[in-house]
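Protein chains in written order, with my numbering: chain D, 1 to 591; chain L, 1001 to 1589. For each residue, glycine too, the CB sits at the ideal point set by N, CA and C. Only a predicted model underlies this, so the values are computations on that prediction, with no experimental measurement involved. Have a look at the structure below before the remarks.
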């Protein structure tokens, strides 16, 4: 496998050396070149997988590692950083699966409690979250506004709504809540959102394919949709029946009403849905829903503010690539990479496809800038969980995503399609362009896994963003970020009062050093995963920042000159509050 | 006497015939020959002069020379052949035909005239007659590679893939025939067999370029792009100066987005072949990928000038122009591309973007709608194909009921797909639901008039239910669509024989075995018909033909036994083994 990142890096150095050797009259050109390369010359983060030391040693069963017969074995699962016990430390939840034959030991999901000392304890059994099955996605939100984050999990089969009981345990209340459906569905992405702005979190669920294990087609070299470059592989999603998506309105009493039809959501039957992200695309204060879709146009449900939605992905430049190709959309990473105050979207795709960077024009429309931004150079691997996040805290959000093939059979025939592959990192150069980094960013960048979900959060509360990665049939990765010292940061934690308690849908603008960065608090992003709800902003050298919050209720609040390097907790209508503890000087606690 | 001028080349230049016995004043042969003709105007000398003119491609001079020879020896099969050859080479194809036919009449055992008759008939659009001519050639020389090659190609273009495969699997080893067989297999969707055929040939002649190119093509058809690339790269390593192979390699690299490897090759090809459509077109694509739009436009414009009807060149030119904000020109190119192929979704997408840039929002919306419809059609196509693939598997494993259900789902995804209706019919036949089978077949024919296989199967069904007139019409419909459809010929012959129309039945059986010499049923039916007319020697020949193909065929064995005990003049054996054929999954669709 060619060492592409190092080759690029070496060429860049060669170009620098060449320019330095140029005649004096080119000095002005050299100066401009130096300005452009300066950000890249600064040290970047270093990433180390500390999963083993942290106690995350259990493999996650998901299908058969060497040969996949059906698509259901290939798509899971997501993971989450969330603080289930409100102690200020991010706990970990990872979705697992099973095999076609059954549920061998170790199947199912796992909840790990953060011991606050760099280690975690498996509390799955006590919590009641094991439940082996074909789990795919997780979204986090306090649907009953009781102050404790709940979980919704999608499955092939039936989804689960786990109510957080506040005592370290969870209860599956999907049936009681009215979230069961007839027959099997292949749930994939999900997101809590308050689409009607009544202060209660509603729920959107994306479905992947209309699929029945009992009658599904098998790998077949004679059928184009069941083979890949001459190798028989699992069929789909192309060639499998299309599903509809689902929307449930929160009734405010612990139950939901299926409004898929009434909202217009289920009238769209054109795409194989995966990750779902709720965000305010047109910045009108009402959440919209973007669904990354596989091999079909992605979907953008725009909120009509009257309980209905209209699908406009194609009109707004998010359905297909800039070339009109329906990509294999997997993960969604919303973020403001160019610091213009508008949220852009990065979407992971398939092998031999570039991932997509869609720049927001600020008018609710997007342009595919993958090539001009320099990220289209990478198209080797099937790509999954992702984020636009400032990993080195220099004030410019970077791009990170994990990879792993869907066809483990291919690597026997094609070396260029390995089953396991490394994560991908693009550093933001601050000029609309990115440069790819590799092993120079630490040993974790060279480790190869069959990854799926990836959650971003600060598990060690040291002021930078770490990554949790779900790896199929392996233990997870917990990638600790050691960001460069000297770069400052700010985390913003929100608590809704009139808005939903989780503040999902809140839009935050942080201004620092003449820049403005927008983020939204989401229930799901990456690949079917949920991130640390403390919005993280790298500030670079800025010592303070101004914070502007647009609450889902419509209230807008400002906090000026917030000192850097702290967790700012804001309660709707009350401003800054003490909130949950943050920092390393809290005693460890094991459950 | 043989002449080396290339008979397959069509000379379209007008020519004039000189009817005089002496060479026209404009025609001057070599002095010795001219002298010989003047002093000894024999047929042989005239023919020699004609042959010389033919080799020089002076067909206007060759024709009167051969005509002169024939006036002296009108009974010469060879001279009629040479005259026919010359007339065809000079573009007088219609005039060539009677000369060639006369040559055959005079000497039926000649191979070359029969071959050339086929070519002439093919050129005149009389495809079925051309095939008959080559079949006749094969009766003269069963191992004639030329006859086998042309007949196979004709059958392949006619959709008679199984007949082509039958013909070629017992043919002598020859590269052209191997390529034909691989083509027949790949068109029949049997890519594994196509690959195996070509692999076997390449084992004998490793690195042979035409075989390598064909195998690469089959790999691409079966989405084995990396295998194709590896193969062609190896061929190129062995033959680095072969520009056709280099071009194929470049195409594969572009197909796989390996621009890094492709670019230097494209540059080299363009430098050495600056007016090559392929070099210009592929360079344009690579430059567009690299966002070098000005260069891309330059090269793609040149490509389009060379081949204005190439959809992809126009499409890519339109896209490159749009990147340069030359929106009016971009619009023109994209609209022309869509005129060439309106089914291409991406062209609608790009045209929408250009129209939006030009401020034509309503038209842009319309194009986006077309784009969406095209995308949805693609998804439904994939769904239908997957269901059909599953159904075929179910049928192969004996589960006809499941196959029926799956074909119905395929049809739901693609209601206009006649082939799915036909496949459903076959599955229904297997499950014994003849009424539904008939409905499916009728639907297939409604969707695709002239659907020969479906008409044939309808004929079988209606014949079995006693609707003789309807059956006959269906068989005739099948044969009208595909005149060399052996199965339908056999079936029609069977029906006619059952009605006592023996002469016509015999003709149909002969047509069937001519179209497919390996059709045991047709041979047995022919034998039975001949036997019923007391034409025992011919009947015995026919039954032996059947038994050569299948020595264990019970009907053939029974008939042979009957014929053995029926000396000349005895009454015909009773109960001919005349049966309708079984549904042929590989029949022309």
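In the DSSP assignment, the beta strand (DSSP E) including residue 334(D) goes from what residue to what residue?
332-335
Can you tell me whether residue 1098(L) is buried or exposed, with buried defined as 16 or more other CB within 10 angstroms of its CB?
exposed
When you compare only the Cα positions, how much space is there between residue 1498(L) and residue 1390(L)?
39 Å
Residue 1282(L) and residue 1254(L) look like a contact to me (Cβ under 8 Å); what is the Cβ gap, rounded to whole Å?
6 Å
For residue 310(D), decide whether its Cβ has a neighbour in chain L, counting only Cβ atoms nearer than 8 Å.
no
My guess is that residue 524(D) and residue 190(D) are in contact by the Cβ rule of under 8 Å, so how many angstroms apart are they, rounded?
6 Å
Please tell me whether residue 1390(L) has its Cβ less than 8 Å away from any Cβ of chain D.
yes
Under the three-state DSSP convention, the category residue 1046(L) falls into
helix
Based on DSSP bridge pairs, tell me the residues matched to residue 478(D).
468(D)
Take the Cβ of residue 1143(L) as the centre, count every other Cβ of all protein chains shown within 10 Å, and call the residue buried at 16 or more, exposed below.
exposed
Exposed or buried, what is residue 575(D) when buried is set at 16 or more other beta-carbons lying within 10 Å of its beta-carbon?
exposed
Taking residue 196(D) as the reference, which of 108(D), 250(D), 157(D) and 223(D) has the closest Cα?
250(D)
Where are the alpha helix (DSSP H) runs, 4 residues long or more, that stay fully inside the stretch 1137-1218 of chain L, in chain order?
1145-1157, 1161-1169, 1175-1187 and 1191-1204
Could you please tell me which residues of the stretch 400-425 of chain D, in chain order, have their CB closer than 7 Å to any CB of chain L?
414
Residues of its chain near residue 1409(L), where Cβ-Cβ distance is below 6 Å and the 5 sequence neighbours each way are ignored:
1387
Would the beta-carbon of residue 468(D) fall within 8 Å of that of residue 476(D)?
yes
Based on the DSSP secondary-structure assignment, which residues constitute the bridge partners of residue 455(D)?
468(D)
At a Cβ threshold of 8 Å, is residue 198(D) touching chain L?
no
How would you call residue 1186(L), buried or exposed, if buried means at least 16 neighbouring beta carbons within 10 angstroms?
buried
Does the distance from the C-beta atom of residue 479(D) to that of residue 49(D) stay below 8 Å?
yes
Exposed unless 16 or more other CB atoms sit within 10 angstroms - verdict on residue 25(D):
In this prediction, residue 25(D) has a pLDDT of 31, which is less than 50 and means its spatial position is unreliable; nothing more can be read from the coordinates.
May I ask which residues mark the beginning and end of the beta strand (DSSP E) holding residue 520(D)?
515-520
Which value, in whole angstroms, describes the spacing of the CA atoms of residue 1447(L) and residue 1325(L)?
44 Å
Helix, strand or coil for residue 1125(L), going by three-state DSSP, please let me know.
coil
If we define contact as Cβ-Cβ less than 8 Å, is residue 242(D) a contact residue for chain L?
yes
Look at the alpha carbon of residue 582(D) and the alpha carbon of residue 85(D), and state the distance between them as a whole number of angstroms.
14 Å
Using a Cβ-Cβ distance under 8 Å, would residue 1221(L) count as near chain D?
no
Same chain, Cβ closer than 8 Å to residue 1188(L), five either side skipped, listed in chain order:
1161, 1162, 1165 and 1586
Segment limits, beta strand (DSSP E) that includes residue 561(D)
556-563
Hey, does residue 22(D) have any beta-carbon neighbour from chain L nearer than 8 Å?
Caution applies to residue 22(D), whose pLDDT of 29 falls short of 50 and renders its modelled position unreliable; the value that the coordinates give is listed next. Output row for residue 22(D): interface = no.
Within the 8 Å Cβ cut-off, does residue 207(D) reach chain L?
no
Am I right that residue 188(D) and residue 327(D) are in contact with their C-beta atoms under 8 Å? What's the rounded C-beta distance?
Not a contact, Cβ separation roughly 16 Å.
To the nearest angstrom, how far is it from the Cα of residue 1363(L) to the Cα of residue 1348(L)?
11 Å
Quick one: what does DSSP say residue 620(D) is sitting in, helix, strand or coil?
Coverage of chain D is limited to positions 1 through 591, which leaves residue 620(D) absent and any answer about it impossible.
Contact list for residue 1350(L) against chain D, beta-carbon separation under 7 Å:
324
Could you tell me whether the stretch 340-348 of chain D touches the stretch 361-381 of chain D, where touching means 3 or more Cβ pairs closer than 8 Å?
yes
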